[in-house]
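J.: My questions all concern the structure below.
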Ligand SMILES: [Zn+2]
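Residue numbers (the numbering used here): 252 to 503.
Below is the structure:
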């Protein structure tokens, strides 16, 4: 048995089609997971349903009790994630959103902008051509520093719209850094990496596919950064320290 359509609709509306664990907006790329598995007596009720993105859902399914690696999500923790997130969404801007909450969100907004300013990594990846040229790895330092806070709850906004924007940025930054980590390698200069030149000669199809994916991921980082900046300025009525947007990025 699976969840009924009624249960799915109620669950997807309650979370605004955002993953209940990582909070990213998923659109159609979302799945309803049983908090307690059916094999363990879990029901198909709304209470037992948690909508998850593909990545978080894959984490649930890949954990192997016989060969434990990492830390398993327990049903109580999943319920806590689901209820915490849906209560944020259902309250839109929560009724109890007060001046203190606004101050906390303003503080976090400024922390993010200090860690990831326009003129740092974001500006760099918005213009850099990763096809056939090496790049200074230190230019991506801001992104690594932001990614290090992805799981820290003190880096979550109380305002749900801003939290969705932050989670989207966090997701795209992780994806971009993952692609860079898998597909670029040190050159003669240890501070500089590149997508290997020999790939371009020997496996051109693969080379251009990789470079396209990197550029696509970079432009998603830049777009989600812009969205967070715009929403933050509007909803928190706060000046950002940098108003200059990077120019558009050359493609291969
Ligand atoms: Zn997720």
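Glycine included, every Cβ here is placed at the ideal spot set by N, Cα and C.
If I'm right that residue 397 touches residue 431 with Cβ under 8 Å, what's the distance once you round it to whole angstroms?
T.: The Cβ separation is near 14 Å, so there is no contact.
J.: I'd like the span of the alpha helix (DSSP H) that includes residue 307, first residue to last.
T.: 305-313
J.: For residue 339, is the classification buried or exposed, using 16 other Cβ atoms within 10 angstroms of its Cβ as the cut-off for buried?
T.: buried
J.: If the criterion is Cβ atoms closer than 7 Å, does the pair residue 301 and residue 326 meet it?
T.: no
J.: Between residue 384 and residue 420, what straight-line distance do the alpha-carbon atoms span, to the nearest angstrom?
T.: Cα-Cα distance, rounded: 26 Å.
J.: Helix, strand or coil for residue 439, going by three-state DSSP, please let me know.
T.: coil
J.: I'd like to know whether the C-beta atoms of residue 375 and residue 462 end up nearer to each other than 7 Å.
T.: no
J.: So what's residue 281 in DSSP terms, helix, strand or just coil?
T.: strand
J.: Between residue 372 and residue 466, what straight-line distance do the alpha-carbon atoms span, to the nearest angstrom?
T.: So the two alpha carbons sit approximately 14 Å from each other.
J.: Hey, would you say the C-beta of residue 283 is under 6 Å away from at least one heavy atom of ligand 1?
T.: no
J.: Residue 427 lies in the alpha helix (DSSP H); which residues open and close that run?
T.: 411-434
J.: With DSSP collapsed to three states, give me the class of residue 400.
T.: coil
J.: If we ignore side chains and look at the alpha-carbon of each, how far apart do residue 387 and residue 262 end up?
T.: Near 45 Å, if we compare the C-alpha coordinates of residue 262 and residue 387.
J.: Check this for me: beta carbons of residue 418 and residue 275, under 7 Å apart or not?
T.: yes
J.: Assuming residue 393 and residue 367 are in contact, meaning their beta carbons sit under 8 Å apart, how far apart are those beta carbons, in whole angstroms?
T.: That pair is a contact at about 5 Å.
J.: Assuming residue 354 is part of the alpha helix (DSSP H), what are its boundary residues?
T.: 350-366
J.: Which residues in the same chain have their Cβ closer than 7 Å to the Cβ of residue 307, if we skip the five residues on either side of it in sequence?
T.: 270, 272 and 273
J.: Between residue 272 and ligand 1, is the CB less than 6 Å from at least one heavy atom?
T.: Result yes, Cβ under 6 Å from ligand 1.
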